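Residue numbers (my numbering), protein chains in the order written: chain A, 5 to 198; chain B, 2 to 69. Ideal Cβ placement from N, Cα and C applies to all residues, glycine included. Small disclaimer: the values here were computed from a predicted structure and weren't measured.
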């Protein structure tokens, strides 16, 4: 509990993707008492995910959204989690995130990121989006930032792509996931002010 | 002409009017996935040839970087 819990209880946050960004962002938001979290992903937990994603060894092979729902319920039972095990497309984004106050873009592939962001900007212009762009590698804290373009907020270094020499690692992925969560709270408490 | 691209002033001497593809060429933007806004309006891929950028325009070209 914290002094904001009562206010945060009123809000619903959508999260597209339950990987490194999405799982850590969801857990952070759940810890501080967001009322509802809508989480969407179609992937299953694999061993390689454990270097950065909020899952455990005994969850390997489980659907990510179901494993995440279970993990959050062990942290805060007051959060309502709506878990969707499916691949997003424009129609599904519009339906599933309809009642969310803010949508966190936490998907993996560049083309899916573009689809998510463009669908929300064009079809759901009232929604705030917090996107994660540039999370790979380590160090260079000074290059990790947040940029605002109308209702779209971008967190990350906006340049480092995942590659063999720049794998995604817990520290930087966790920083950006929590920057996204931190930005979500600011939007909810200071801009939307329900 | 002068535009503001990703919050920075940019002088373009090549032309007085550009479409999005020409802007990418001049800027050497080679990313396959870039979200483009001109003066706050989203420009989707199918309109890259027809949407024009003129003197004084504010352009955002947000590079979609894989990793999530």
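The straight-line gap separating the alpha-carbon atoms of residue 33 of chain A and residue 187 of chain A is approximately 11 Å. Taking the C-beta atoms as reference points, residue 117 of chain A is found nearer than 8 Å to residue 111 of chain A.
Interface with chain A (8 Å Cβ-Cβ cutoff): residue 54 of chain B is excluded.
Residues of the region 140-157 of chain A with a C-beta atom less than 9 Å from some C-beta of chain B are 140, 151, 153, 154, 156, listed in chain order.
Beta-carbon to beta-carbon, residue 59 of chain B and residue 21 of chain B are separated by about 14 Å, too far to satisfy the 8 Å threshold.
With respect to chain A, the C-beta atom of residue 60 of chain B has no partner C-beta closer than 8 Å.
Within the region 93-110 of chain A, the residues whose Cβ lies closer than 7 Å to any Cβ of chain B are, in chain order, 110. Straight-line spacing of the CA atoms in residue 66 of chain B and residue 170 of chain A works out to 13 Å. Taken through DSSP and simplified to helix, strand or coil, residue 59 of chain B comes out as strand. Around the beta-carbon of residue 52 of chain A, fewer than 16 other beta-carbon atoms lie within 10 Å, marking it exposed.
The beta carbon of residue 47 of chain A lies closer than 6 Å to those of 68 in the same chain, with the five residues before and after it left out. The DSSP-derived three-state label of residue 150 of chain A is strand.
Within the region 118-132 of chain A, those residues whose Cβ lies closer than 8 Å to any Cβ of chain B are, in chain order, 118, 121, 122, 125, 126. Per DSSP, the unbroken beta strand (DSSP E) holding residue 3 of chain B starts and ends at 3-6.
According to the DSSP assignment, residue 11 of chain B belongs to the beta strand (DSSP E) that extends over 9-12. DSSP places residue 6 of chain A outside both helix and strand once states are collapsed to three, so it counts as coil. Each residue's CA atom was taken as its position, placing residue 189 of chain A and residue 39 of chain A some 12 Å apart. Using a Cβ distance threshold of 8 Å, residue 156 of chain A and residue 179 of chain A do not count as a contacting pair.
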